[in-house]
Structures are given as structure tokens and as C-alpha cells.
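Asks: Just so you know, we're using our numbering here: the sequence shown kicks off at -4 and counts up by one.
Quick reminder that beta carbons are idealized off the backbone N, C-alpha and C, glycines included.
For reference, the structure I am asking about is given below.
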Amino acid sequence: MGLEQKPLSTLHEKASYEVGDFDVPTGREEEWRFTPLRRLRGLHNGTAEDGGKVLVEAEAPPEVTVETVGRDDARLGRSYVPADRVSAQAWNSFTHATVVTVPKETAASAPTVLRLRGDSAELAGPPAAAYGHTTVVLEPFAEATVVLTHHGSATYADNVEFVVGDGARLSVISLQDWADGAVHVSHQHARLGRDARFVSHNISLGGDVVRISPSVSYDGPGGDAELYGVYFVDGGQHMEHRLLVDHTVPHCRSRVDYRGALQDQDAHAVWIGDVIIRAEAEGTDTYELNRNLVLTDGTRVDSVPNLEILTGEVAGAGHASASGRLDDEHLFYLRARGITFDAARRMVVRGFLGQLIERIEVAEVREKVHDAIEAELDRGAAK
């Protein structure tokens, strides 16, 4: 493939479509040091057993085109070059891809929903590996909402491209609600044209190991990206979100806000937020935030915000990260007014995560996430 891409930064030095261009991860590399490689079932080192299935069902309004295409389709891989070995393996291993197209100056009348379902729930042992690719193209001045939902049992690696044309508006909701034993490693890349707007919501609730890597790049000034995330991590689960916003042109904006809650032994949340402001990206306005609420002992949080600023001419740049337990003063205030501990705990968690959940514009998904959080709180209260 011929998409030219210069090295991103000291944290992102390599990009290639070839698996062999990446060393097999050992866990000592910066980009892999928090990931439990042994639980990836060979997705990272080429030993994964092939033959798994992840089925895709699509529901779209009439003005939006959804196609299943072969890997030789010219629209695939035009906006993104894999940046690690698993992403390159996914690129070289998928057989069919899903392409969603919203025509120029078209406002979609309803969300486009892609339901991805692991088809291995009834098989004994861990699911075999499956690979996928999705490309969403908004032509100039189009507007659309796209929902990706993930269910069932799978060992799955995929790449997702969002190509947002000049003046276009795209909102994406990605819900990871896998069965308990699922493994999912995904790269989600958005490329924004001049004055394009991109809003994404990543919600990670289910699965054994889930590692989602959203990234954004800009093709023209005026691009605006907002990346939101909500996750709830139970005992033994590993939820990892690794973000990259690459400011390469002047006068673009980005905002990142990810929040998670953790409960029970060996619940592990990882959030890595990388923002690069290149020398030519004058007038950049960016801020990234990660907060984690620890509900029980025995959990682990790794939260690492990074800013690489190569110009002094920025409109604003900052980051923040905080992880901690339920605030004793908040709980005391509520309990002093006759509210039980369990009810007070729920109120604090709802308020903490609810600020982002309420931003989800698709009511069906928003209600599903609300219900899932309530179920998690019920599970925690029962122990």
C-alpha cells in the first residue's frame, strides 16, 4: 500500500502495512508494557489459531450505502497505516470489509448501526482468531451518526477508518459489550478534512481483554475532534484505551475525556493519552483528561497523559489525570441525610460516569449503558 506517513513521534516511530516490519512484542516496549500479552491468544505473535467468525449485520437509512467488499477495494487503507504488529496482522488477514458511505451534502435521517457478533459462544475452549476491517466515508458536508456494537464470544483484531470530508460532521459510538471470555484489539482512526467535526464515544463494558486505540489526524485547518470514553472494569478484566491525536496543521481543536470505574480483585484499567502538536500546527487548542473511580481494593489503574509540543504558538494545551476512591466526604454528606451506603455509592458513580453517558445522542445506546452500569453496581453491592 502506498499511503505515505512520516514517523509520528518518539512514542510512535513506525507505521507499516507489513507484519514483518514490527518486532514481536515482549511486554517491555512502551506501547505494550501494560498489556497482558499471554491473554491475547497469539494475536500479537502470529500463533493465533485462525478460523473464528465475527458476523456483521447492518441497519442504515436509505440515503446511506453499506457494502461488503473484498480486500482489493481501493477505498480500504487509504487513510490509515498500521502502527503496531496486531494492527498490521489484522490488515493482512481480513477477507471481507464493510464500507459505509454518506454522499456529499447529505444529512443521514437515522443512525447507521453495525452489529458485530462473535459466533463462537457454543464452542468449547477459547474462540479462534477472526479479523475485520471497516471503513466509514463521509463525503464533503455530509452529516451522520454511526454505531458499532460488539457482542458474543470472539478473539478479534480489526481496524476501523473514519474518513470525514471537508465540512462534514460524524458522530461515532463504539460499544464493547463482549461475553466474558472475549479478546478484542482494535485500532480506530479518524482523518478529518478542513472544518470537519468528529465526535466519538467508546464504551467498554464486557470481555476478558479489550484494547482499543482511537487516533485522529487532520488534513486541513479548522478540524475539531472530541473523544469521550466510559468503561467499567470488573475483577480479572483488562480494559485498555490508547489514544493518539496528531495535530499536523494549524488551527485545529481536540478534546479528550475518558472516565472509568473499577471493582473487585485484579480489575485493571489502562488509559494512555498522546497528543502531538507539530511545528507547523500553530494555533492548536487541545486538552485531554482521564479520571478513574476505584470502588474496591485489589484493582489497578495505569493512566499516562503525554503532550509533545513542537511549537510555541498554541492557543491552548493541557492534560490531567486522576484516580482515587469514593470521596468519604461525599458519602458522609449523603448518609447524614438518611441515604444508605449502597444508595450513596450508586449516586456518586452515576454522577461521575453520567456526565459522559448523557452525551451519547442515540437514546437506545444511552439507555443500554445506563442499564449496564446499574447491573455492575448491583453485582458489586451483592458481594
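When the Cα atoms are used, what is the spatial distance from residue 379 to residue 351?
Replies: Residue coverage of the chain in this structure runs from -4 to 378, which leaves residue 379 outside it and unanswerable.
Asks: Taking the alpha-carbon positions, what's the residue 355 to residue 53 distance?
Replies: C-alpha separation (whole angstroms): 20 angstroms.
Asks: Whose C-alpha, out of 87, 94, 258 and 364, is nearest the C-alpha of residue 70?
Replies: Among 87, 94, 258 and 364, the Cα nearest to that of residue 70 is on 94.
Asks: In the DSSP assignment, the alpha helix (DSSP H) including residue 346 goes from what residue to what residue?
Replies: Looking at the DSSP string, the run of the alpha helix (DSSP H) that includes residue 346 is 336 to 352.
Asks: Quick one: which unbroken beta strand (DSSP E) runs of 3-plus residues sit fully inside the segment 210 to 284? Chain order, please.
Replies: If we require 3 residues or more, the beta strand (DSSP E) runs fully inside the segment 210 to 284 come out as 219 to 228, 233 to 242, 248 to 257 and 263 to 272.
Asks: Cα-Cα, which of 254, 242 and 248 is closest to residue 226?
Replies: Of the listed residues, the one whose Cα sits closest to residue 226 is 254.
Asks: Sorted by chain position, which residues of the same chain lie with C-beta nearer than 6 angstroms to residue 263's C-beta, five sequence neighbours on each side aside?
Replies: For residue 263, where only same-chain residues beyond five positions count, the Cβ hits under 6 angstroms are 233 and 295.
Asks: Three or more beta-carbon pairs under 8 angstroms between the segment 189 to 205 and the segment 174 to 181, yes or no?
Replies: Yes, the segment 189 to 205 touches the segment 174 to 181.
Asks: Under 8 angstroms, with one C-beta from each stretch per pair, do the segment 301 to 319 and the segment 333 to 342 reach the 3-pair mark?
Replies: The answer is no - the segment 333 to 342 does not touch the segment 301 to 319, with fewer than three Cβ pairs under 8 angstroms.
Asks: How long is the line joining the alpha carbons of residue 287 and residue 256, rounded to whole angstroms?
Replies: Rounded to whole angstroms, residue 287 to residue 256 spans 6 angstroms at the Cα level.
Asks: For residue 252, decide whether its Cβ has a neighbour in chain B, counting only Cβ atoms nearer than 9 angstroms.
Replies: Considering every chain present, this structure includes no chain B. It has just one protein chain.
Asks: Pick from 147, 127, 121 and 103: whose alpha carbon is nearest that of residue 137?
Replies: Ranking 147, 127, 121 and 103 by Cα distance to residue 137 puts 103 first.
Asks: Does DSSP put residue 15 in a helix, a strand or coil?
Replies: Three-state DSSP puts residue 15 in a helix.
Asks: Does the distance from the CB of residue 127 to the CB of residue 163 come in under 9 angstroms?
Replies: No, they are not a contact pair.
Asks: On a Cα-Cα basis, can you pick out the residue from 24, 25 and 32 that is closest to residue 204?
Replies: Of the listed residues, the one whose Cα sits closest to residue 204 is 32.
Asks: Measuring CA to CA, which of 40, 223, 36 and 22 is closest to residue 16?
Replies: Answer by Cα proximity: 40.
Asks: List the whole-angstrom C-beta distance separating residue 212 from residue 190, where the pair is believed to meet the contact cut-off of C-beta under 8 angstroms.
Replies: About 15 angstroms separates the two Cβ atoms, so there is no contact after all.
Asks: Please report the distance separating the alpha-carbon of residue 48 from that of residue 281.
Replies: Approximately 39 angstroms, taken between the alpha carbons.
Asks: Here's the rule I'm using: 16 or more other beta-carbon atoms within 10 Å means buried, otherwise exposed. How should residue 30 be labelled?
Replies: It counts as buried.
Asks: Taking its Cβ as the centre, do 16 or more other Cβ atoms sit within 10 Å of residue 308, making it buried, or is it exposed?
Replies: Answer is exposed; the Cβ neighbour count stays below 16.
Asks: Let's test the definition: count the other Cβ atoms within 10 Å of the Cβ of residue 91 and tell me whether it reaches 16, buried, or not, exposed.
Replies: Per the 10 Å Cβ criterion, exposed.
Asks: Candidates 291, 261 and 237: which alpha carbon is nearest residue 268's?
Replies: The shortest C-alpha separation from residue 268 is found at 237.
Asks: Under the DSSP definition of a beta bridge, which residues are partnered with residue 138?
Replies: Beta-bridge pairing links residue 138 to 102 and 164.
Asks: Count the other CB atoms within 10 Å of the CB of residue 109; is the residue buried (16 or more) or exposed (fewer)?
Replies: Residue 109 is buried by the Cβ-count criterion.
Asks: Roughly how many whole angstroms lie between the Cα atoms of residue 219 and residue 120?
Replies: Cα to Cα, the separation comes out at about 44 angstroms.
Asks: Under the assumption that residue 271 contacts residue 306 (Cβ atoms under 8 angstroms), give the Cβ distance between them as a whole number of angstroms.
Replies: Not confirmed; about 11 angstroms, so no contact.
Asks: Could you tell me the distance, in whole angstroms, from the CA atom of residue 62 to the CA atom of residue 338?
Replies: Distance between the alpha carbons of residue 62 and residue 338 is about 47 angstroms.
Asks: So, helix, strand or coil for residue 82, using DSSP?
Replies: Here residue 82 sits in helix by DSSP.
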